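Notes for the one structure printed next.
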Amino acid sequence: MSYCHWTSCLYDILNSPKVDLVAQSWSTEDDDTNADSNLESCRFLSLKCSYRGGCGATLRSYLLECNDLIQNKTEICSESCKYTLIGLTSTPEGKSMLDCDCGTDEECFNSRYRLEICSKDSVLYANRQDTVVSCTEAKWICMSDSECSKALEYYNIFCKSMFRGNKCTNRCRNSINILKKQNKAAKLETCFCDNDEILGYKCSDIKRNMKELCLFEDTDVSSSFGGEEQETNPQEKTNEEHIDDEEDKKLEEKDGGETDVVSATTESIFGEEDLISNVIPDESSDHDKPKN
Numbered sequence: 001m002s003y004c005h006w007t008s009c010l011y012d013i014l015n016s017p018k019v020d021l022v023a024q025s026w027s028t029e030d031d032d033t034n035a036d037s038n039l040e041s042c043r044f045l046s047l048k049c050s051y052r053g054g055c056g057a058t059l060r061s062y063l064l065e066c067n068d069l070i071q072n073k074t075e076i077c078s079e080s081c082k083y084t085l086i087g088l089t090s091t092p093e094g095k096s097m098l099d100c101d102c103g104t105d106e107e108c109f110n111s112r113y114r115l116e117i118c119s120k121d122s123v124l125y126a127n128r129q130d131t132v133v134s135c136t137e138a139k140w141i142c143m144s145d146s147e148c149s150k151a152l153e154y155y156n157i158f159c160k161s162m163f164r165g166n167k168c169t170n171r172c173r174n175s176i177n178i179l180k181k182q183n184k185a186a187k188l189e190t191c192f193c194d195n196d197e198i199l200g201y202k203c204s205d206i207k208r209n210m211k212e213l214c215l216f217e218d219t220d221v222s223s224s225f226g227g228e229e230q231e232t233n234p235q236e237k238t239n240e241e242h243i244d245d246e247e248d249k250k251l252e253e254k255d256g257g258e259t260d261v262v263s264a265t266t267e268s269i270f271g272e273e274d275l276i277s278n279v280i281p282d283e284s285s286d287h288d289k290p291k292n
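Residue 64 in the UniProt record's numbering is what sits at position 64 of the sequence shown, and the numbering runs on without skipping anything.
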């Protein structure tokens, strides 16, 4: 069997027919020894990750953000590289890749050695349940899970008015409730603001606006539609706030309260552009829908 590091194997995997790869990965299933070796190989784990929406998207982001480090072009682990590693290792497949079987592939060992610059312990520390992380790290952990990522995307779409301090609409309140139900979103509730101002939105302002405008009391999703909305006096509204109102009205007119998922890049939870939502196409399966 030939081995290769998952960072280099992935390029071949993404350009290969899916069916053939799956068949090849399980071709030694009848041989217990070879099957066990296959299941722990870097190639198999990268294949398994690449076909899971959240893990695959985060893996692609990792290859982009950590490329210079992997290729020995730098001795610095950038913040963006570290964030993608935190997101990747929050998934079972991604965590297994840290110790996957390199076999005799020197490139695999060299790449793994290079990644030690990012401090394996600190990356794993961020994923412990008892730790508090930055909001950027919490966002990446959420985006590594397909359901949480989709819930976060809805939140970004429906809560822009709240981001600006205008009002918390029923759709925004509902989106927040759904996001709060995702296991991978737990750290978003306790995270601390690291990048205080990004593209005009302040992390601290968003936290304050959510607390003051949305008025949550751990209600369930259905009851979130019945709460009173807090909004500014109509006479004091700015042009931007009137635009927000028009956007909200258009959203409310959608059939059955349902809205198609925006596939284009959306603003992230703190105003950054969300790389994940554009990296991998959405597969309309029940598994990828956020829990209601």
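Glycine included, each C-beta is placed from N, C-alpha and C at the ideal position. Just so you know, these numbers come straight off a predicted model, no measurement behind them.
In angstroms with no decimal places, state the Cα-to-Cα distance between residue i and residue j.
i	j	result
E153	S175	9 Å
S149	G53	9 Å
N156	K139	12 Å
Y113	S96	16 Å
S27	L45	With a pLDDT of only 34 at S27, under 50, the local geometry of the prediction cannot be trusted, and the value read off the model is given with reservation. Their Cα atoms are separated by approximately 15 Å.
F192	C100	33 Å
E75	T169	47 Å
L63	K180	29 Å
A186	E93	20 Å
C55	L88	6 Å
S78	I178	32 Å
L85	S144	10 Å
Y51	D194	32 Å
C142	S161	22 Å
Can you tell which of the options has the C-alpha that lies nearest to the C-alpha of residue i?
i	options	result
D66	N177, I117, P92, K207	The amino acid at residue 66 is misidentified as Asp; the sequence shows Cys. The shortest Cα separation from C66 among N177, I117, P92, K207 belongs to I117.
C159	E147, G165, C172	C172
N183	S90, C81, D205	S90
Y83	E106, L115, S111	L115
G103	D194, S41, I206, T190	S41
R164	D121, R43, D205, S134	D205
V133	K207, N209, L188	L188
L98	S80, T131, E137, C49	C49
My understanding is that residue i touches residue j, with C-beta atoms under 8 Å, so please give their C-beta distance in whole angstroms.
i	j	result
K167	L215	So it is not a contact: roughly 11 Å between Cβ atoms.
Tell me where the alpha helix (DSSP H) around residue i begins and ends.
i	result
E147	146 to 158
Y125	120 to 126
S134	Run containing S134: none; DSSP gives neither H nor E here.
M97	92 to 97
S41	Segment: none, S41 is in no alpha helix (DSSP H) and carries neither H nor E.
K184	Counting along the chain, K184 falls outside any alpha helix (DSSP H), and DSSP gives it neither H nor E.
E65	53 to 65
K82	79 to 88
Using 8 Å as the cut-off, can you tell me whether the region 55 to 73 makes contact with the region 123 to 133, which would need three or more C-beta pairs spanning the two stretches below that distance?
no
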